[in-house]
Amino acid sequence: MKILIVEDEAELRTVMQSFLEKEQYMIETAIDYASGLAKLANYHYDCILLDVMLPGGTGMQLLGALRRLGKDDSVIIISAKDAVEDKVQGLELGADDYLAKPFHLAELLARIKTVIRRKNQQIAQAICFKNVRLFPEDRKLLVGEQEVALNRKEYDLLYYFLIRPEKLIPKTTLAEAVWGDDADQADSLDFIYSQIKNLRKKLKENSAAIDFQAVYGVGYKLV
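Using full-length UniProt numbering, you'd call the opening residue of the sequence shown number 1 and step up by one each time.
Laid out in structure tokens, this is it:
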């Protein structure tokens, strides 16, 4: 699961990032309106933690821009002001929740889990394709009735393909979606081939009716 923190207060941003990474979330950050807008426009996130007051603009403006882009990423507004009008404005713009500063990290985690669970339930209890079922809330994969163990990246990769079956996904898009900012530091995208090879082996060993089709020089599709 990938989370974006848009927060200009360095200490709070670092504390949230460290805490959520320990909870096994992949975290990206933005420190102002411009960098936040660039992230929102180019990437998908399971949850966005959005501060209201930012250099160069506001979190409300970013939320409005996100919805105008047609994206339905879950958003939790974080604000130093616990004003009713701010809550109403955020919810009217499409925020999923509102959290006033200061807050306990345990409460933040609970809010994140709730909005992600709610979104997954709206999509489906399970993502199904042929004889494969993926349960996002439990991070569980079933092939037929057999549970298949996946590591974190294998799960994230398969999830990304299963919600886009038979669609060609460029390797650069996969790297950005599953590996985030870490992908920019790689000399090549060979690590994608390695992960897909391992995932394909597990699927084949368990008689999955799905497979990855490589399109030379472009990327992969789930068929």
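Don't be surprised by glycine CBs; every beta carbon is placed ideally from N, CA and C.
Do residue i and residue j have their C-beta atoms within less than 8 Å of each other?
{"i": "residue 212", "j": "residue 200", "result": "yes"}
{"i": "residue 33", "j": "residue 57", "result": "yes"}
{"i": "residue 79", "j": "residue 52", "result": "yes"}
{"i": "residue 219", "j": "residue 169", "result": "yes"}
{"i": "residue 96", "j": "residue 76", "result": "yes"}
{"i": "residue 54", "j": "residue 70", "result": "no"}
{"i": "residue 3", "j": "residue 43", "result": "no"}
{"i": "residue 151", "j": "residue 137", "result": "no"}
{"i": "residue 222", "j": "residue 195", "result": "no"}
{"i": "residue 171", "j": "residue 189", "result": "yes"}
Compute the minimum distance between the beta carbon of residue i and the heavy atoms of the ligand SAH, and state whether it is under 7 Å.
{"i": "residue 73", "result": "Inclusion of the ligand SAH in the displayed structure is not the case, the ligand content being empty and no account of it being possible."}
By the three-class DSSP mapping on this structure, what secondary structure does residue i have?
{"i": "residue 146", "result": "strand"}
{"i": "residue 118", "result": "helix"}
{"i": "residue 192", "result": "helix"}
{"i": "residue 130", "result": "coil"}
{"i": "residue 168", "result": "coil"}
{"i": "residue 206", "result": "coil"}
{"i": "residue 151", "result": "coil"}
Can you pull the DSSP bridge partners for residue i?
{"i": "residue 215", "result": "219"}
{"i": "residue 135", "result": "140"}
What is the C-beta distance between residue i and residue j, in whole angstroms, given that I count them as a contact (C-beta under 8 Å)?
{"i": "residue 50", "j": "residue 62", "result": "6 Å"}
{"i": "residue 143", "j": "residue 131", "result": "6 Å"}
{"i": "residue 141", "j": "residue 16", "result": "The pair is not a contact, with the Cβ atoms about 29 Å apart (cut-off 8 Å)."}
{"i": "residue 177", "j": "residue 160", "result": "6 Å"}
{"i": "residue 99", "j": "residue 19", "result": "That belief does not hold up - the Cβ atoms of residue 99 and residue 19 are roughly 14 Å apart, past 8 Å."}
{"i": "residue 180", "j": "residue 28", "result": "5 Å"}
{"i": "residue 198", "j": "residue 145", "result": "Their Cβ separation, rounded to whole angstroms, is 23 Å, which puts residue 198 and residue 145 out of contact at 8 Å."}
{"i": "residue 64", "j": "residue 91", "result": "At roughly 13 Å, the Cβ-Cβ gap does not stay under 8 Å, so residue 64 and residue 91 are not in contact."}
{"i": "residue 30", "j": "residue 39", "result": "5 Å"}
Review point. Which runs of the beta strand (DSSP E) fall wholly inside the UniProt domain "Response regulatory" (2-116) and span at least 3 residues, in chain order?
Key: 2-6, 26-30, 47-51, 74-79, 97-100
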